[in-house]
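Numbering follows the working numbering, with no gaps: position 46 of the sequence shown is 112.
Glycine is no exception: its CB is placed at the ideal position from the N, C-alpha and C atoms.
No experiment lies behind these values; they were computed from the predicted model shown.
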Amino acid sequence: MSYKIQQEEGEGACLECGTVFYGRKDKQFCNAACKNKWHNRLLRERRQLRMETVAALARNYEILEGLLKANRQSAGLAELSELGFDPECITGHRKGRCRHDEYRCFDISYYRSPAKIFNVRRKASGER
Ligand SMILES: [Zn+2]
67 MSYKIQQEEG EGACLECGTV FYGRKDKQFC NAACKNKWHN RLLRERRQLR METVAALARN
127 YEILEGLLKA NRQSAGLAEL SELGFDPECI TGHRKGRCRH DEYRCFDISY YRSPAKIFNV
187 RRKASGER
């Protein structure tokens with residue numbers, strides 16, 4: 067013998083097109099096409115954000131490598147910002163033992179103050 071648990075029903079509005087429908091309380095879409103459209107857009111937005119973040123990391127890395135090639139260990143955040151450096155895009159962060167935290171962009175590390183980054187260096191292979 068099987069028991070079917072009665073789902074509560076009520077009015078809802080489609081997340082995609084806003085059409086008001088009557089059905090199960092947890093129903094979110096008026097039909098499968100709207101459900102697919104909504105999920106496809108969500109996936110597209112997530113993929114877009116991921117691609118933008120990867121591009122920002124690549125740009126940051128190029129800028130940091132440029133500093134190292136020019137034998138510079140520091141640069142002002144204003145100068146870096148003009149080059150397109152995004153200080154929010156990092157691959158690692160470690161609480162500093164002294165005053166400043168260490169930031170990572172792949173194998174390049176640096177410290178950051180409110181106005182500049184400094185002690186820019188390439189980590190030795192295997193160094194964490
Ligand atoms: Zn709909």
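Going straight from the alpha carbon of residue i to that of residue j, what length do you get?
i    : j    : result
T85  : A136 : 60 Å
M117 : E168 : 25 Å
L257 : R113 : What the structure shows of the chain is the stretch from 67 to 194, and residue 257 is not part of that stretch, so it cannot be assessed.
C155 : Q73  : 46 Å
P153 : E131 : 15 Å
I129 : N102 : 40 Å
S147 : C171 : 16 Å
E77  : R194 : 55 Å
R138 : E111 : 37 Å
K92  : W104 : Looking at the sequence provided, one finds Asp at residue 92 rather than Lys. Looking at the two C-alpha atoms, the distance is approximately 16 Å.
Y88  : N106 : 24 Å
T157 : R90  : 44 Å
H166 : R187 : 15 Å
C164 : I183 : 15 Å
K161 : G192 : 20 Å
With burial defined as no fewer than 16 other Cβ atoms inside 10 Å of the residue's Cβ, what is the status of residue i: buried or exposed?
i    : result
N126 : buried
V120 : exposed
Y177 : buried
L115 : exposed
L133 : buried
A79  : exposed
A199 : Lying before the first or after the last residue shown, residue 199 is absent from the chain, which here runs from 67 to 194.
Kindly give me the distance between the Cβ atoms of residue i and residue j, rounded to whole angstroms, as I take these residues to be in contact under 8 Å.
i    : j    : result
F95  : L108 : Not really, about 12 Å apart at Cβ, beyond 8 Å.
R189 : S179 : At residue 189 the sequence reads Lys, which differs from the Arg that was named. The Cβ separation is near 20 Å, so there is no contact.
A181 : L143 : 6 Å
Counting only the same chain and skipping the five closest in sequence on each side, list residues whose C-beta sits under 7 Å from that of residue i.
i    : result
N185 : Q139, Y176 and Y177
C100 : C80, E82 and C83
### Message
Ignoring anything shorter than 3 residues, give me the beta strand (DSSP E) runs that lie fully in the stretch 127 to 167, in order along the chain.
### Response
158 to 160
### Query
Which whole runs of the alpha helix (DSSP H) in the stretch 96 to 125 are 4 residues long or more, in chain order?
none
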